[in-house]
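Enquirer: Heads up: the sequence shown begins at 2 in the numbering used here, then just goes up one per residue. Pasting a structure here, questions to come.
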Amino acid sequence: MDGLTITKAEKSRGGTTIFSPFDLRIEPGQVVSVYVHTDLRHWLIDILTGDETLSGGCISFHGRPSPIPLGLLSLDAPLYERLKVKELFRFHRDLYHSSVSLESVLDRTRLSDLQHHQVKKLTFSEKKRVQLGCLILQDPPFFLMEEPDQNVDLETKQILIKILQRLKEEGKTVMILTSNLESAIMMGDHTHRLHQDGIHKVEKEHEESAEPETDGASVTFHKIPTKVQENMILFDPPEVDYIESIQGQSYVHIRGEAFQGMFTLNDLEARLKLFGFFRCHRSYIVNLQKVRKVITWTKNSYSLQLDNAEKTEVPLSKGKMAELKELLGLK
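Pasting the structure below:
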């Protein structure tokens with residue numbers, strides 16, 4: 002099979018699950034972004050580069066198992082800063098016996114006017130474009146990029162997007178790892194969220210897209226829509242830990258992160274009752290499947306502790322305690 006194929010990949014260390022089994026496929030000519038936190042991102046990079054092994058499952062490229070012929074753009078990618086830009090590009094071209102022309106890379110990275118400048122005299126964003134140029138000169142079939150747009154200026158972000166488009170046209174396979182959801186959505190043809198329990202595809206639609214015609218038929222929609230810039234991000238109800246309302250605006254909390262909701266708390270309460278969600282407080286709805294403990298602070302003060310890494314506590318109103326007991330089948 003062509004492209005990158007990850008099958009039932011899992012990793013554990015010392016009895017601790019790093020990530021549960023997941024599948025992922027990236028075809029040639031496709032950019033896939035993975036929204037992932039820093040620690041887990043480092044594990045995945047080490048596995049893809051061969052510095053770590055999986056506990057289970059396998060990874061193959063073009064049907065062949067590891068090692069994967071990849072080019073890596075890492076956050077701490079070293080640069081020979083005493084060299085001039087063109088000298089550094091020439092060094093990488095010769096090192097990798099590349100047939101890619103220096104002029105085309107200088108043009109693609111918009112560094113032609115800076116080609117005779119020492120790298121150490123460039124701005125942070127310009128240095129990031131130098132790193133991109135060095136990666137292009139390697140000409141690998143698989144590009145792995147870690148936080149490629151982190152802290153760069155707008156011009157460099159626009160250049161990066163054009164470079165990604167060019168790589169797609171050339172039939173390259175590209176994976177982007179980032180801890181910024183907006184960046185993941187902006188750069189990837191498809192976006193996934195990787196966490197300890199596995200991987201989920203981020204479903205996104207632009208707000209300006211037309212509503213589908215239903216011919217008067219009733220449509221049942223179970224996703225929870227949230228907003229990230231101009232994009233609508235859709236989550237499955239089981240992913241949600243809890244929802245809170247702050248000054249009339251709802252926020253959906255998932256694994257320690259908050260996403261701006263697109264419905265009021267009352268609307269969400271009605272939509273989510275069938276999925277085991279409970280209005281535990283006037284400002285909170287909780288996913289009862291995520292509750293580990295009911296804490297009694299005083300005779301009239303309670304909270305619900307969630308079974309997550311943060312051990313989040315959500316307030317439980319006095320008047321809701323009896324309702325909760327009834328739901329749980331307690332007298």
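Yeah, the Cβ is synthetic: ideal placement off N, Cα and C, and Gly gets one too.
Go ahead and pull the three-state DSSP assignment for Leu-331.
Expert: Within the sequence shown, the letter at position 330 stands for residue 331. Coil, per DSSP.
Enquirer: Three-state secondary structure (DSSP) at Gly-262?
Expert: Taking the first residue of the sequence shown as 1, we reach residue 262 at position 261. Gly-262 falls in the strand class under three-state DSSP.
Enquirer: Check whether the Cβ atoms of Thr-18 and Ile-60 lie closer than 9 Å to each other.
Expert: The residue given as residue 18 occupies position 17 in the sequence shown. The residue given as residue 60 occupies position 59 in the sequence shown. Their beta carbons are not under 9 Å apart, which means Thr-18 does not touch Ile-60 by this criterion.
Enquirer: According to the neighbour-count rule (16 or more other Cβ atoms, all chains shown, within 10 Å of its Cβ), is Ser-210 buried or exposed?
Expert: Taking the first residue of the sequence shown as 1, we reach residue 210 at position 209. Summary for Ser-210: the model assigns pLDDT 38, below 50, so the residue's position carries little reliability, and this model does not support an answer.
Enquirer: In its own chain, which residues sit with a C-beta less than 6 Å from the C-beta of Lys-202, not counting the 5 before and 5 after it?
Expert: Within the sequence shown, residue 202 is the residue found at index 201, counting from 1. His-193, listed in sequence order.
Enquirer: Taking the straight line between their C-alpha atoms, what separation do you get for Val-292 and Ser-126?
Expert: Translated into the one-based positions of the sequence shown, residue 292 becomes position 291. Translated into the one-based positions of the sequence shown, residue 126 becomes position 125. Going by the C-alpha atoms only, they are around 45 Å apart.
Enquirer: Contact between the region 237-246 and the region 286-306: three or more CB pairs below 8 Å?
Expert: These segments touch.
Enquirer: Where does Gly-217 land, buried or exposed, given buried means 16+ other C-beta within 10 angstroms?
Expert: Counting from one through the sequence shown, the residue named residue 217 turns up at place 216. Residue confidence for Gly-217 is low, a pLDDT of 47 falling below 50, so the modelled location carries little weight; the figure read from the coordinates is stated next. Classification for Gly-217: exposed.
Enquirer: Beta-carbon within less than 6 Å of Gly-199's beta-carbon, same chain only, minus the 5 sequence neighbours each way: which residues are those?
Expert: Locating residue 199 in the sequence shown gives position 198, where the first residue counts as 1. For Gly-199, where only same-chain residues beyond five positions count, the Cβ hits under 6 Å are Ser-21, Phe-23.
Enquirer: Is Arg-194 helix, strand or coil when you go by DSSP?
Expert: As a first step, residue 194 must be located in the sequence shown, where it is residue number 193. Three-state DSSP puts Arg-194 in a strand.
Enquirer: Confirm, please, whether the CB-CB distance from Ser-180 to Ser-34 is below 9 Å.
Expert: The residue you call residue 34 lines up with position 33 of the sequence shown. The residue you call residue 180 lines up with position 179 of the sequence shown. Cβ atoms of Ser-34 and Ser-180: not closer than 9 Å.
Enquirer: Pull up the distance between the alpha-carbon of Leu-178 and that of Glu-148, whole angstroms please.
Expert: If you number the sequence shown from 1, residue 178 lands on position 177. If you number the sequence shown from 1, residue 148 lands on position 147. Approximately 6 Å between the Cα atoms of the pair.
Enquirer: Please determine, among Thr-124, Glu-104, Val-37, the residue with the shortest C-alpha to C-alpha distance to Ile-255.
Expert: Numbered from its first residue, the sequence shown carries residue 255 at position 254. For Ile-255, the nearest C-alpha among the options comes from Val-37.
Enquirer: State the beta-bridge partners of Gly-199 as determined by DSSP.
Expert: Counting from one through the sequence shown, the residue named residue 199 turns up at place 198. Answer by DSSP bridge pairing, in chain order: His-196.
Enquirer: For the putative contact between Leu-41 and Leu-195, defined by C-beta atoms under 8 Å, what is the C-beta separation to the nearest angstrom?
Expert: Taking the first residue of the sequence shown as position 1, residue 41 is located at position 40. Taking the first residue of the sequence shown as position 1, residue 195 is located at position 194. So it is a contact: roughly 6 Å between Cβ atoms.
Enquirer: When the Cβ atoms of the region 307-319 are set against those of the region 261-277, are three or more pairs found closer than 8 Å?
Expert: The answer is no - the region 261-277 does not touch the region 307-319, with fewer than three Cβ pairs under 8 Å.
Enquirer: If the criterion is Cβ atoms closer than 9 Å, does the pair Leu-74 and Phe-144 meet it?
Expert: As a first step, residue 74 is located in the sequence shown; it is residue number 73 there, counting from the start. As a first step, residue 144 is located in the sequence shown; it is residue number 143 there, counting from the start. Yes, they are a contact pair.
Enquirer: For Met-146, write down the residues that DSSP places opposite it in a beta bridge.
Expert: Working through the sequence shown from its first residue, we reach residue 146 at position 145. Leu-74, Ile-177, per the DSSP bridge assignment.
Enquirer: Using alpha carbons as the reference points, say which of Leu-55, Gly-277, Pro-70 lies closest to Phe-62.
Expert: The residue you call residue 62 lines up with position 61 of the sequence shown. Residue Pro-70 is the option with its Cα nearest to Phe-62.
Enquirer: By Cβ distance, which residues of its chain are closer than 8 Å to Arg-111, with the 5 residues on each side in sequence left out?
Expert: Position 110 of the sequence shown holds residue 111. Cβ within range, chain order: Arg-130, Glu-156, Ile-160.
Enquirer: Starting from the C-beta of Asn-301, find all residues in its chain whose C-beta is less than 8 Å away, skip the five residues before and the five after it, and write them out in chain order.
Expert: The count along the sequence shown starts at 1 and reaches residue 301 at position 300. Result list for Asn-301: Lys-319, in chain order.
Enquirer: How far does the alpha helix (DSSP H) with Leu-138 in it extend, from its first residue to its last?
Expert: By 1-based counting over the sequence shown, the position of residue 138 is 137. Leu-138 -> alpha helix (DSSP H) spans 125-139.
Enquirer: Considering only the beta carbon of each residue, do Leu-165 and Gly-72 sit closer than 9 Å?
Expert: For the purposes of this step, residue 165 is identified with residue 164 of the sequence shown, where counting begins at 1. For the purposes of this step, residue 72 is identified with residue 71 of the sequence shown, where counting begins at 1. No, they are not a contact pair.
Enquirer: Considering only residues of the same chain and omitting the five flanking positions on each side of Tyr-97, which have a CB-CB separation below 8 Å?
Expert: As a working note, residue 97 is residue 96 in the sequence shown. Cβ within range, chain order: Leu-138, Gln-139, Asp-140.
Enquirer: DSSP three-state call for Gln-250: helix, strand or coil?
Expert: Taking the first residue of the sequence shown as position 1, residue 250 is located at position 249. Gln-250 falls in the strand class under three-state DSSP.
Enquirer: When the Cα atoms are used, what is the spatial distance from Gln-86 to Leu-103?
Expert: Taking the sequence shown and counting its residues from 1, one reaches residue 86 at position 85. Taking the sequence shown and counting its residues from 1, one reaches residue 103 at position 102. Checking the sequence, you will find Val at residue 86 rather than Gln. The straight-line gap from Cα to Cα measures roughly 10 Å.
Enquirer: DSSP three-state call for Pro-239: helix, strand or coil?
Expert: On the sequence shown, position 238 is the one that residue 239 refers to. Helix, per DSSP.
Enquirer: Return the residue from the list Asp-150, Ser-105, Gln-116, His-118 that minimises the CA-CA distance to Leu-76.
Expert: By 1-based counting over the sequence shown, the position of residue 76 is 75. When only C-alpha atoms are compared, the closest one is Asp-150.
Enquirer: Does DSSP put Arg-167 in a helix, a strand or coil?
Expert: Residue 167 sits at position 166 when you count from the first residue of the sequence shown. Of the three classes helix, strand and coil, the one that applies to Arg-167 here is helix, per DSSP.
Enquirer: Can you tell which of Gln-116, Ser-56, Ile-48, Lys-121 has its C-alpha closest to the C-alpha of Pro-68?
Expert: Here residue 68 is taken as the residue at index 67 of the sequence shown, counted from 1. Comparing Cα positions, the closest option is Ile-48.
Enquirer: What is the rounded straight-line gap between the Cα of Asp-268 and the Cα of Lys-158?
Expert: Here residue 268 corresponds to residue number 267 of the sequence shown, with the count starting at 1. Here residue 158 corresponds to residue number 157 of the sequence shown, with the count starting at 1. So the two alpha carbons sit approximately 38 Å from each other.
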